[in-house]
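Enquirer: Residue numbers for the sequence shown, in the numbering used here: 1 to 468. Could you have a look at this structure, given as structure tokens, before my questions?
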Amino acid sequence: MMKMSIRARITLLITFVFISVLVLLLSSEMLAIYLGMTGEIDRELRRERNFVRELFEREFSGIIEADSAEAAQIQHELEEDLDEIIGFKNQFVLLNVVVKNGTTRRFSDSRHDVEIAQIPAVFFDKSDEFFNKVLNNRRYRVNISQNPWGTLVVGLENRTFYEIAGHLENTLLVGIPVTLAIVLLGSWFLAKLVMVPVVNAAKTAKNITLSNLEQRLPDYVGKDEFGILVTTLNGMIARIEEGVNQIRQFTQDAAHELRTPLTIQRGELELLYEQNTISEDNRVAIQRTLERAISMSKIVENLMLLAQSDSKAYPLKKQKFRLDDVMREIAEDCQILADDRPISVQLDRCDKIDFSGDEQLIRRLLLNLVDNALKNTERGAISLSLIRKSGNVKIRISDTGCGIPPEKLPHIFDRFFRVDNARSGFSGSGLGLSICRWIVAAHGGSISAESKLGVGSTFTVDFPGNEF
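Set out below in structure tokens:
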């Protein structure tokens, strides 16, 4: 399940809060309008109810005891008065009167016969109360009052409120989508502005590596939570830089201190090995010790070189030299290093190239790549090529060795990283290819590797044209 970005979450949160507040305000306003208008209508209904009740009890209550002829005359006068009272108002009056013989007679204005006819009989049994009632497709506010002589119903059409609600509904049908779109766009833009320092800090942090720990996240002038975070992260990077510098200095000092005694030890072992007075067993033991001392010296030299490269203290000595001559010498050295193993060394192509760079480092680069090929090839072939193409230099060294597992291929240039030694039978310090990468980078080039298990590996070095 894909997670939403912080920017998207901020946008949705702002939009949700805004719409929620808008709906709450509109609902509150509509409720206030409804209650206000309903209260005004209820007061009007009370006045009409009291007026009609007093009018009936004062002038027309005789209809309760009157005979038929007299009752008809009173009814006619009552309905005329009701028509005069109601006039053309959007209201109606209905009296449900119990006469002397126990029957019920209804009296009302003549202009609302349709509405009055829709009032059910059970409606007259309700207690004194206000109701909302739809009559003849119109919304009425109705008041019912029970009296000793019967039931009085007064109704007033509640048109204004529902007209306002209808207009508001039509407005909202257009306004809410437009408002929602504006809020979404505004929130998205606002979230983008808020996240600009975060994005800039992330871009800078992504580019900070062990080789440029002196970089810091962009300064943030605010004193909010993000400012605290940037300050904390910059402090952490500074502490990491200090720790890495201490490790580099220790590595350089240790390599420097070890180089002299190892050199002395190698010299003494070589002199002892050349003496004729020692036995053959001792000579074999001295030879093994000498080989280990030489291996240790190489590791110390590699550590010294890497420490100097990290601190940018290595003096790169660029000069012009014939790269093709160096390539031929390396191919010859590779054949010698192969000893008596069934390995053939081939120089497939060697273009004439005048190269500008540090010759000693380039030799070391090629020797490390050749040594790596020899360590991973028990039998087969190692091919070297030097190609000049489109003004650039391409060096390719291939072997038919055991190959490198795909999951380990991205890490082979990392320091102290070693592929399973059981595949080749040779052990290394894990520094050779890391040094190769630094040498290539120091000359403005790039290095890559391709490999397939059981087939072999190919290392390719590309140098730009301005290097020669």
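Note that CB positions come from ideal geometry on N, CA and C, so glycine has one too. These numbers come from a predicted model, not from an experiment.
Rounding to the nearest angstrom, what Cα-Cα distance links E40 and A72 in this structure?
Expert: For this step, residue 40 is matched to residue 40 along the sequence shown. For this step, residue 72 is matched to residue 72 along the sequence shown. Straight-line Cα distance between these residues: approximately 36 Å.
Enquirer: Could you give the distance in angstroms between the alpha-carbon of F124 and the alpha-carbon of T151?
Expert: In the sequence shown, the residue the question calls residue 124 occupies position 124. In the sequence shown, the residue the question calls residue 151 occupies position 151. One C-alpha to the other measures close to 6 Å.
Enquirer: Determine contact between the segment 187 to 205 and the segment 213 to 232, defined as no fewer than three beta-carbon pairs at a distance below 8 Å.
Expert: yes
Enquirer: Which of helix, strand or coil does DSSP assign to V284?
Expert: For the purposes of this step, residue 284 is identified with residue 284 of the sequence shown, where counting begins at 1. Looking at V284 - three-state DSSP - the assignment turns out to be helix.
Enquirer: Taking the beta strand (DSSP E) that E129 belongs to, which residues open and close that run?
Expert: Your numbering for residue 129 matches position 129 in the sequence shown. Segment 129 to 135, the beta strand (DSSP E) holding E129.
Enquirer: Take G454 and list the residues in its own chain whose beta-carbon comes closer than 6 Å to its own, dropping the five residues that flank it on each side.
Expert: Against the sequence shown, residue 454 aligns to sequence position 454. G403, listed in sequence order.
Enquirer: In chain order, what are the residue ranges of uninterrupted alpha helix (DSSP H) at least 4 long that sit wholly in the segment 18 to 104?
Expert: Whole alpha helix (DSSP H) segments, 4+ residues: 68 to 86.
Enquirer: Looking at L269 and T289, is the spacing between their C-beta atoms short of 9 Å?
Expert: Walking along the sequence shown from the start, residue 289 turns up at place 289. Walking along the sequence shown from the start, residue 269 turns up at place 269. It is a contact, given that the beta carbons lie within the stated cut-off.
Enquirer: Over what stretch of residues does the alpha helix (DSSP H) that includes N170 continue unbroken?
Expert: Position 170 of the sequence shown, counted from the start, is the residue given in the question as residue 170. Here the alpha helix (DSSP H) through N170 covers 159 to 207.
Enquirer: Within this structure, are the beta carbons of V345 and I382 separated by less than 9 Å?
Expert: On the sequence shown, position 345 is the one that residue 345 refers to. On the sequence shown, position 382 is the one that residue 382 refers to. Taking 9 Å as the Cβ cut-off, V345 and I382 qualify as a contacting pair.
Enquirer: Taking the alpha-carbon of R105 as reference, which of S127, K126, L78 has the nearest alpha-carbon?
Expert: In the sequence shown, the residue the question calls residue 105 occupies position 105. Considering only alpha carbons, the answer is L78.
Enquirer: So the alpha helix (DSSP H) C334 belongs to, where does it begin and stop?
Expert: For the purposes of this step, residue 334 is identified with residue 334 of the sequence shown, where counting begins at 1. Start and end: 323 to 337.
Enquirer: Look at the Cβ atom of L135, then the Cβ atom of I119, and state whether they are nearer than 9 Å.
Expert: One-based indexing of the sequence shown puts residue 135 at position 135. One-based indexing of the sequence shown puts residue 119 at position 119. Against a cut-off of 9 Å, the Cβ pair of I119 and L135 comes out as a contact.
Enquirer: Taking only the alpha-carbon atoms, compute the straight-line gap between S309 and N245 and give it to the nearest angstrom.
Expert: For the purposes of this step, residue 309 is taken as residue 309 along the sequence shown, with counting starting at 1. For the purposes of this step, residue 245 is taken as residue 245 along the sequence shown, with counting starting at 1. Answer to the nearest angstrom: the Cα atoms are 12 Å apart.
Enquirer: Can you tell me which of the three DSSP states I144 falls into?
Expert: Here residue 144 refers to the residue found at position 144 of the sequence shown. Strand, per DSSP.
Enquirer: So L323 and A442 are supposed to be a Cβ contact under 8 Å. How far apart are they, rounded?
Expert: Here residue 323 corresponds to residue number 323 of the sequence shown, with the count starting at 1. Here residue 442 corresponds to residue number 442 of the sequence shown, with the count starting at 1. Rounded, the Cβ-Cβ distance is 16 Å, inconsistent with contact.
Enquirer: Around the C-beta of G445, are 16 or more other C-beta atoms found within 10 angstroms, so that it is buried, or is it exposed?
Expert: In the sequence shown, the residue the question calls residue 445 occupies position 445. It is buried - the Cβ of G445 has at least 16 other Cβ atoms within 10 Å.
Enquirer: Would you mind working out which of Q275, P177, F459, A205 sits nearest T15, comparing C-alpha positions?
Expert: Taking the sequence shown and counting its residues from 1, one reaches residue 15 at position 15. Comparing Cα positions, the closest option is P177.
Enquirer: Helix, strand or coil: how does DSSP classify R392 here?
Expert: The residue you call residue 392 lines up with position 392 of the sequence shown. One detail in the question is off: residue 392 reads as Asn in this sequence, not Arg. The answer is strand: DSSP assigns N392 an E or B state.
Enquirer: E359 lies in the alpha helix (DSSP H); which residues open and close that run?
Expert: As a first step, residue 359 must be located in the sequence shown, where it is residue number 359. Its alpha helix (DSSP H) spans residues 359 to 375.
Enquirer: What distance in whole Å lies between the Cβ atoms of G380 and G401, which are believed to be in contact at a cut-off of 8 Å?
Expert: Residue 401 sits at position 401 when you count from the first residue of the sequence shown. Residue 380 sits at position 380 when you count from the first residue of the sequence shown. Contact holds; Cβ gap of about 7 Å.
Enquirer: Tell me whether the segment 354 to 368 and the segment 329 to 343 touch, counting them as touching only if at least three CB pairs, one residue from each stretch, are closer than 8 Å.
Expert: yes
Enquirer: Just confirm the distance between the C-beta atoms of L184 and T11, as a whole number of angstroms; I'd bet it's less than 8 Å.
Expert: The count along the sequence shown starts at 1 and reaches residue 184 at position 184. The count along the sequence shown starts at 1 and reaches residue 11 at position 11. That pair is a contact at about 7 Å.
Enquirer: For R139, I'd like the list of residues in its chain whose CB is within less than 6 Å of its CB, leaving aside the five on either flank, ordered along the chain.
Expert: The count along the sequence shown starts at 1 and reaches residue 139 at position 139. Contacts found: N158, Y162.
Enquirer: Could you check what DSSP says for F463 in three-state terms: helix, strand or coil?
Expert: Counted from its first residue, the sequence shown places residue 463 at position 463. Strand, per DSSP.
Enquirer: So for A422, helix, strand or coil by DSSP?
Expert: Reading the sequence shown from its first residue, position 422 is the one you call residue 422. Because A422 sits at a pLDDT of 49, beneath the cut-off of 50, its placement in the model cannot be relied upon, and the point is left open.
Enquirer: In the DSSP assignment, find the alpha helix (DSSP H) that holds C436 and state where it starts and stops.
Expert: The residue you call residue 436 lines up with position 436 of the sequence shown. Here the alpha helix (DSSP H) through C436 covers 432 to 442.
Enquirer: Does the distance from the C-beta atom of I64 to that of V97 stay below 9 Å?
Expert: Taking the sequence shown and counting its residues from 1, the one referred to as residue 64 is at position 64. Taking the sequence shown and counting its residues from 1, the one referred to as residue 97 is at position 97. Going by C-beta atoms, I64 is nearer than 9 Å to V97.
Enquirer: Which value, in whole angstroms, describes the spacing of the CA atoms of R471 and Y34?
Expert: Not covered by the structure: residue 471. The range shown for the chain is 1 to 468.
Enquirer: Tell me the DSSP secondary structure of I247 in three-state form.
Expert: Your numbering for residue 247 matches position 247 in the sequence shown. Helix at I247.
Enquirer: Evaluate L470 with the Cβ neighbour count: other Cβ atoms within 10 Å of its Cβ, from every protein chain shown; 16 or more gives buried, anything less gives exposed.
Expert: Since the first and last residues shown for the chain are 1 and 468, residue 470 lies out of range.
Enquirer: Can you list, in chain order, the residues of its chain whose CB lies under 7 Å from that of Q265, leaving out five sequence neighbours each side?
Expert: Mapped onto the sequence shown, residue 265 falls at position 265. Excluding positions up to five away in sequence, the list reads A293.
Enquirer: Measure from the alpha carbon of S504 to the alpha carbon of each residue in D462, E44, F107, then state which is nearest.
Expert: There is no way to answer for residue 504, as the model of the chain reaches only from 1 to 468.
Enquirer: Taking only the alpha-carbon atoms, compute the straight-line gap between E241 and S356 and give it to the nearest angstrom.
Expert: What you label residue 241 is simply residue 241 of the sequence shown in a count that begins at 1. What you label residue 356 is simply residue 356 of the sequence shown in a count that begins at 1. Those two C-alpha atoms are separated by around 33 Å.
Enquirer: Taking the CB atoms as reference points, tell me whether I397 and I387 lie closer together than 9 Å.
Expert: Counting from one through the sequence shown, the residue named residue 397 turns up at place 397. Counting from one through the sequence shown, the residue named residue 387 turns up at place 387. Contact flag unset, no.
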